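Colleague: My questions will all concern the structure given below.
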Amino acid sequence: MNKETIIKISDLAKIDIKDDQIDDILTSLEKILNLVDEMNSVDTDNVTPMSHPLNLKQELRKDEIKVFNERELFQKNNEHTDNGYYKVPKIID
Amino acid sequence: MDTIKFQRSLTNMHNKTVSELKKYIKEKEISSLELTKHFIDRVKNIDTQLNSFVSITEEYAITQAKKIDLEISKGEVRPLAGIPLAQKDIFCTKDLKTTCGSRMLENFISPYDATVVEKLNHAGMVIIGKTNMDEFAMGSSNETSYFGEVKNPWNTEYVPGGSSGGSAASVAARLVPCSTGTDTGGSIRQPASLTGVCGIKPTYGRVSRYGMIAFASSLDQAGVFTRTAEDCAILLTHISGYDPKDSTSSRKEVPDYEKECKKKFTNMVIGIPTEFLDGLDDEVKEVFEENVKVLEKNGCTFKNISLQSSKLGVSAYQVVAPAECSSNLSRFDGVRFGHRADSVKNIDDLYKKSRSEGFGQEVKRRILIGTYALSAGYYDAYYLKAQKIRKVISNEFEQAFKEVDLILGPTAPDCAFKLGEKTNDPIAMYLSDVFTVSTNLAGLPAMSLPMGFKNNLPLGLQIIGNHFDESKILSLAHHYQQITDWHLKKPEISGD
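What follows is the structure, given as structure tokens:
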């Protein structure tokens, strides 16, 4: 991991990082990765990765049509709405 | 409420258990309204020193309490009628703010109730407030909250643990008889241990996660804080069960945990993982071993077991939890709800500024680690490897439960630490969960209950059970509390 990696992942994660913060973040992430690397002390070549703590399969609901419209209720949390839409900065020039 | 004549003084009600309050209300010895006001007054008077509440929901609570009293006067008594509780601020509550300890959700009012909230409301409980927590449940000290740190009721210079620090501290200080919590890597058990209360994290899938703001979906589980095992059992019965709104919730039948835990205690074989005691602090070890002796004299047989890979739990957790968090928290984009930054240039700027202003340092750190672990070229080395380690840990527990009924150990490696002591050392902070994370990785139920003190700060005893063995855990915990009195100790701040 290096400074470029931090810049790349912060862009992927959509989080702004100021230049003077990069070194600190790099140091703390490297420490975490060192801790994580302890996993390599166990050979897991023949282990099936865990996909669910209870080995259950994802249940599917019945394919039934339910009609609901709670747009107004859900948009109460946002003052940037217009006629049922969310307002965002211009995307296409 | 003319029909309710108080036969009991309210002065001591905060020292009563849920089980006792349930009886008093049912027998009309106290009204829900008076009880609710009593606890709200305590929060107003005492919580200025603790900061365990993010909001007091007085108006809502009074309305609820009056409604419950009216029902009681008509002879309709719900199972937990009129008992006040605090909800961790991670559970969505309709018409009340749900902040998740973050600036991101500072003004968020949920349009619906979480299933846990709905169930406890339906049982007749009265929400008197929402409790403080580490931001998005990421932390072990309750210091990452946007709304300020919570202090430990036993000594306000110390942390209460986290992430459900407010829920634990409020029960310890007798500001509420019980509260809810969530546990992703120890967030119920570790604060329960550090504040001297009971906290149970059920089996993954036992309780619905609907409306519980997601941190790491394959690990998160809801639970409760109380002062006795019996109370934990009462509440757990009410919050458990299948929920069509959470496809990972279990259809397994919910036992009456209260009845189960009070059944005559029969001998149990209990495993002690040698790895939990190797290198453990001397005083914590001494207290733990004293408790083992007590249980040995009272119907328990102990056996040393090995959970060799459990020491890798923190490493695997530090991949799985951040990876799932980076995915779950991508929904906070400043568009539909949550914090939105002003004066942005374009859509990318809106996402980045809103997220950078809305999230605190620890949340950002975990999102970055998770994004890295899931990014192209690193998936196999991190996420896949962690899921394999998870399987290894899970297999070891499975083997252990072929020989023992339950597993016992300390909940945390030490008592509470000082505020600020570990804030600049994330690794030291993560290691506070060394004994708790493995059970989340394996989806097992576990509970912490008070077992003694070190430097006048509480220590917790952790009981781990096999999947859906909550009854066994609660039975041992209840039995232990019949022969010891650690759960009756209270911090000075709680008054008489």
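So the protein sequences, as listed, match chains A and B.
Using the working numbering, the letters of the first sequence map in sequence onto residues 3 to 95.
Using the working numbering, the letters of the second sequence map in sequence onto residues 66 to 561.
Glycine included, each C-beta is placed from N, C-alpha and C at the ideal position.
What you are looking at is a predicted structure, and each value in this text was computed from that prediction instead of being measured.
Quick one: what does DSSP say V69 (chain A) is sitting in, helix, strand or coil?
Modeller: Here residue 69 (chain A) corresponds to residue number 67 of the first sequence, with the count starting at 1. It is coil, neither helix nor strand.
Colleague: Can you give the Cα-Cα distance for F462 (chain B) and G508 (chain B), rounded to whole angstroms?
Modeller: The residue given as residue 462 (chain B) occupies position 397 in the second sequence. The residue given as residue 508 (chain B) occupies position 443 in the second sequence. Going by the C-alpha atoms only, they are around 10 Å apart.
Colleague: Comparing C-alpha positions only, which one of B:H404, B:K350, B:S395 sits nearest to F518 (chain B)?
Modeller: Along the second sequence, read from residue 1 onward, the residue named residue 518 (chain B) stands at position 453. Taking only the C-alpha atoms, the option nearest F518 (chain B) is B:K350.
Colleague: Let me confirm a value: S57 (chain B) is counted as buried when at least 16 other C-beta atoms fall within 10 Å, else exposed. Which label applies?
Modeller: Any answer about residue 57 (chain B) is impossible in this case: the structure gives chain B only from 66 up to 561.
Colleague: Quick one: what does DSSP say K266 (chain B) is sitting in, helix, strand or coil?
Modeller: Here residue 266 (chain B) refers to the residue found at position 201 of the second sequence. Three-state result, K266 (chain B): strand.
Colleague: In the structure shown, what three-state DSSP assignment does A511 (chain B) receive?
Modeller: Counting from 1 along the second sequence, the entry for residue 511 (chain B) is found at position 446. It is a strand residue.
Colleague: Along chain A, in chain order, which residues have C-beta atoms closer than 7 Å to that of N411 (chain B)?
Modeller: Here residue 411 (chain B) refers to the residue found at position 346 when the second sequence is read from its first residue. Within 7 Å Cβ-Cβ: P91.
Colleague: How many Å lie between E295 (chain B) and I538 (chain B) at the Cα?
Modeller: Counting from 1 along the second sequence, the entry for residue 295 (chain B) is found at position 230. Counting from 1 along the second sequence, the entry for residue 538 (chain B) is found at position 473. Rounded to the nearest angstrom, the two C-alpha atoms are 11 Å apart.
Colleague: Is it the case that the region 192–207 of chain B contacts the region 221–235 of chain B, given that we only count it when at least three CB pairs across the two stretches are under 8 Å?
Modeller: They touch, by the three-pair rule.
Colleague: Excluding the five sequence neighbours on either side, which residues of its own chain have a C-beta within less than 8 Å of the C-beta of T221 (chain B), listed in chain order?
Modeller: Mapped onto the second sequence, residue 221 (chain B) falls at position 156. Excluding sequence neighbours, T221 (chain B) sits near Q114, L115, I558.
Colleague: Give a yes or no on whether the C-beta atoms belonging to S138 (chain B) and C157 (chain B) are separated by under 8 Å.
Modeller: As a working note, residue 138 (chain B) is residue 73 in the second sequence. As a working note, residue 157 (chain B) is residue 92 in the second sequence. Contact: no.
Colleague: State the Cα-Cα distance for the pair G213 (chain B) and H544 (chain B), rounded to the nearest angstrom.
Modeller: Residue 213 (chain B) sits at position 148 when you count from the first residue of the second sequence. Residue 544 (chain B) sits at position 479 when you count from the first residue of the second sequence. Taking the straight line from one Cα to the other gives about 38 Å.
Colleague: Return the Cβ separation of A298 (chain B) and E323 (chain B) in integer angstroms, given the expectation that the two are a contact with Cβ distance under 8 Å.
Modeller: Mapped onto the second sequence, residue 298 (chain B) falls at position 233. Mapped onto the second sequence, residue 323 (chain B) falls at position 258. Confirmed, Cβ separation roughly 5 Å.
Colleague: Out of B:E99, B:K162, B:K88, B:I432, state which residue places its alpha-carbon closest to the alpha-carbon of G403 (chain B).
Modeller: Along the second sequence, one-based indexing puts residue 403 (chain B) at 338. Ranking B:E99, B:K162, B:K88, B:I432 by Cα distance to G403 (chain B) puts B:K162 first.
Colleague: Taking the CB atoms as reference points, tell me whether D308 (chain B) and T180 (chain B) lie closer together than 8 Å.
Modeller: For the purposes of this step, residue 308 (chain B) is taken as residue 243 along the second sequence, with counting starting at 1. For the purposes of this step, residue 180 (chain B) is taken as residue 115 along the second sequence, with counting starting at 1. Yes, these two residues count as a Cβ contact at 8 Å.
Colleague: Is the Cβ-Cβ distance between K195 (chain B) and T122 (chain B) less than 8 Å?
Modeller: If you number the second sequence from 1, residue 195 (chain B) lands on position 130. If you number the second sequence from 1, residue 122 (chain B) lands on position 57. A contact, by the Cβ cut-off of 8 Å.
Colleague: Is S503 (chain B) helix, strand or coil by DSSP?
Modeller: What you label residue 503 (chain B) is simply residue 438 of the second sequence in a count that begins at 1. DSSP places S503 (chain B) in helix when its eight states are reduced to three.
Colleague: Would you verify that the beta carbon of P256 (chain B) is, or is not, closer than 8 Å to some beta carbon of chain A?
Modeller: Along the second sequence, read from residue 1 onward, the residue named residue 256 (chain B) stands at position 191. Answer no: the Cβ-Cβ gap between P256 (chain B) and chain A never drops below 8 Å.
Colleague: How should I548 (chain B) be labelled, buried or exposed, when 16 other C-beta atoms within 10 angstroms of its C-beta is the threshold for buried?
Modeller: If you number the second sequence from 1, residue 548 (chain B) lands on position 483. Under this definition I548 (chain B) is an exposed residue.
Colleague: In whole angstroms, what is the alpha-carbon distance linking K368 (chain B) and P478 (chain B)?
Modeller: On the second sequence, residue 368 (chain B) is found 303 positions in, with the first residue counted as 1. On the second sequence, residue 478 (chain B) is found 413 positions in, with the first residue counted as 1. If you take the alpha carbons of K368 (chain B) and P478 (chain B), they lie about 21 Å apart.
Colleague: Relative to the C-alpha of Q77 (chain A), which candidate in A:A15, A:R63, A:K89 has its C-alpha closest?
Modeller: Within the first sequence, the letter at position 75 stands for residue 77 (chain A). With distances taken between Cα atoms, Q77 (chain A) lies closest to A:K89.
Colleague: With DSSP as the reference, label F280 (chain B) as helix, strand or coil.
Modeller: Against the second sequence, residue 280 (chain B) aligns to sequence position 215. In this structure, F280 (chain B) counts as coil in the three-state DSSP scheme.
Colleague: Taking only the alpha-carbon atoms, compute the straight-line gap between T68 (chain B) and K87 (chain B) and give it to the nearest angstrom.
Modeller: What you label residue 68 (chain B) is simply residue 3 of the second sequence in a count that begins at 1. What you label residue 87 (chain B) is simply residue 22 of the second sequence in a count that begins at 1. Annotation note: pLDDT 46 at T68 (chain B) (below 50); position unreliable, coordinate value reported separately. Going from the Cα of T68 (chain B) to the Cα of K87 (chain B) covers about 18 Å.
Colleague: Beta-carbon of A388 (chain B) versus every beta-carbon of chain A: anything under 8 Å?
Modeller: On the second sequence, position 323 is the one that residue 388 (chain B) refers to. With 8 Å as the cut-off, A388 (chain B) does not count as an interface residue toward chain A.
Colleague: Distance, Cα to Cα, Y177 (chain B) vs G147 (chain B)?
Modeller: On the second sequence, position 112 is the one that residue 177 (chain B) refers to. On the second sequence, position 82 is the one that residue 147 (chain B) refers to. C-alpha separation (whole angstroms): 22 Å.
Colleague: Check each residue of the region 467–496 of chain B: if its Cβ is closer than 8 Å to any Cβ of chain A, include it; give the result in chain order.
Modeller: Cβ contacts with chain A come from P491, I492, Y495.
Colleague: Answer yes if the region 12–25 of chain A comes into contact with the region 352–361 of chain B, meaning at least three C-beta pairs across the two stretches below 8 Å, and no otherwise.
Modeller: Touching, no.
Colleague: Span of the beta strand (DSSP E) holding N110 (chain B)?
Modeller: Here residue 110 (chain B) refers to the residue found at position 45 of the second sequence. Not the beta strand (DSSP E): N110 (chain B) falls in the alpha helix (DSSP H), residues 97–111.
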